[in-house]
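Chains as they are written, first to last, in the working numbering: chain A, 281 to 400; chain B, 2 to 147. Everything on this sheet refers to the single structure shown next.
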């Protein structure tokens, strides 16, 4: 997904370890490991990806792990291999069977563009 | 009712613990007879239903299946619970399988939890496996059991 439009994107390959604060205007795809703070429009964490720290994004697609603080302003999608631990805020959430979600959950008001009509 | 022999219980010994077979129906009528723990679902048990408009306050125990389309407040120990779209469950719940399409609040301890797209779950939840469909709302504290 990130390959088609590289501008504003961050790709962290498997085995890469990053520390620090990252602001990504568009898509961040993480297969490696990040410690610190990351803000993105869309965050894709592959099954080998691990993020420890504060994570903020509109859309989060999680196949790997996120620890600590996680805010998904629009949607949070935890796949079967995904793991979210800590304080989790979301506007909309979906978990596949096998996905792991632990900690304090809070629903925030988000952009309701992508919410299904049945959502009251 | 058809009374064909289903060859389930050998009739040779008088079975005292047969209460379980009728447990669901009984407890549906009279909150709790306070006997025993929740066992895995027994194929003999018919599902119990708290239908829409029905409000129940108290304690329910069964090794069977309960569908809640009405309102239930209290303590529940069951094998399987389904909260329908119009269902409201508020209280302390222990079960194996929980499927929420309506509203749940309180404390929940279960193995397999499914939260539907129009469901609202609020409270302290511990589970072994969780599925949330898009649109489902979960608030509170989640804990995964080992």
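A virtual CB, placed ideally from N, CA and C, is assigned to each residue, including glycine.
Counting only Cβ pairs nearer than 8 Å, list the residues of chain B close to residue i.
{"i": "residue 378/A", "result": "130"}
Determine which residues share a DSSP beta bridge with residue i and list them.
{"i": "residue 317/A", "result": "301/A, 334/A"}
{"i": "residue 359/A", "result": "Beta-bridge pairing links residue 359/A to no other residue."}
{"i": "residue 345/A", "result": "330/A, 363/A"}
{"i": "residue 128/B", "result": "145/B"}
{"i": "residue 369/A", "result": "351/A, 386/A"}
{"i": "residue 102/B", "result": "Answer by DSSP bridge pairing: none, since residue 102/B is not bridged."}
{"i": "residue 75/B", "result": "59/B, 92/B"}
{"i": "residue 122/B", "result": "105/B, 139/B"}
{"i": "residue 374/A", "result": "357/A"}
{"i": "residue 134/B", "result": "According to DSSP, residue 134/B bridges with nothing at all."}
{"i": "residue 49/B", "result": "67/B"}
{"i": "residue 81/B", "result": "66/B, 98/B"}
Using the beta-carbon of each residue, which ones in chain A are nearer than 7 Å to residue i?
{"i": "residue 62/B", "result": "Ordered by position in chain A, no residue passes the 7 Å Cβ test against residue 62/B, which lies about 28 Å from the chain."}
{"i": "residue 143/B", "result": "381, 382, 383, 385"}
{"i": "residue 138/B", "result": "387"}
What does residue i touch in chain B if you count any residue whose Cβ is under 7 Å from its own?
{"i": "residue 374/A", "result": "133, 134, 135"}
Quick test of your reading: residue i and residue j, contact by CB under 8 Å. State the CB separation rounded to the nearest angstrom.
{"i": "residue 330/A", "j": "residue 309/A", "result": "The pair is not a contact, with the Cβ atoms about 13 Å apart (cut-off 8 Å)."}
{"i": "residue 122/B", "j": "residue 101/B", "result": "6 Å"}
{"i": "residue 109/B", "j": "residue 94/B", "result": "5 Å"}
{"i": "residue 75/B", "j": "residue 92/B", "result": "5 Å"}
{"i": "residue 317/A", "j": "residue 334/A", "result": "5 Å"}
{"i": "residue 49/B", "j": "residue 65/B", "result": "7 Å"}
{"i": "residue 388/A", "j": "residue 371/A", "result": "6 Å"}
{"i": "residue 119/B", "j": "residue 86/B", "result": "6 Å"}
{"i": "residue 140/B", "j": "residue 386/A", "result": "6 Å"}
{"i": "residue 250/A", "j": "residue 328/A", "result": "One cannot answer for residue 250/A here, as it falls past the ends of chain A, which runs 281 to 400."}
What does residue i reach in chain A if we use C-beta pairs closer than 9 Å?
{"i": "residue 101/B", "result": "Near residue 101/B there are no residues of chain A at all, since even the closest Cβ is about 13 Å away, more than 9 Å."}
Could you check whether the stretch 328-341 of chain A touches the stretch 377-387 of chain A, counting it as contact only if at least three pairs of C-beta atoms, one from each stretch, sit closer than 8 Å? In the pairwise beta carbon analysis, the stretch 328-341 of chain A is classified as not touching the stretch 377-387 of chain A: fewer than three pairs are separated by under 8 Å.
Members of the stretch 107-136 of chain B that neighbour chain A once the beta carbon cut-off is set at 7 Å: Result list: 118, 119, 130, 131, 132, 133, 134, 135, 136.
Decide yes or no for the touch test of the stretch 107-117 of chain B against the stretch 350-361 of chain A: beta carbon pairs closer than 8 Å, at least 3 of them. The stretch 107-117 of chain B vs the stretch 350-361 of chain A: no contact.
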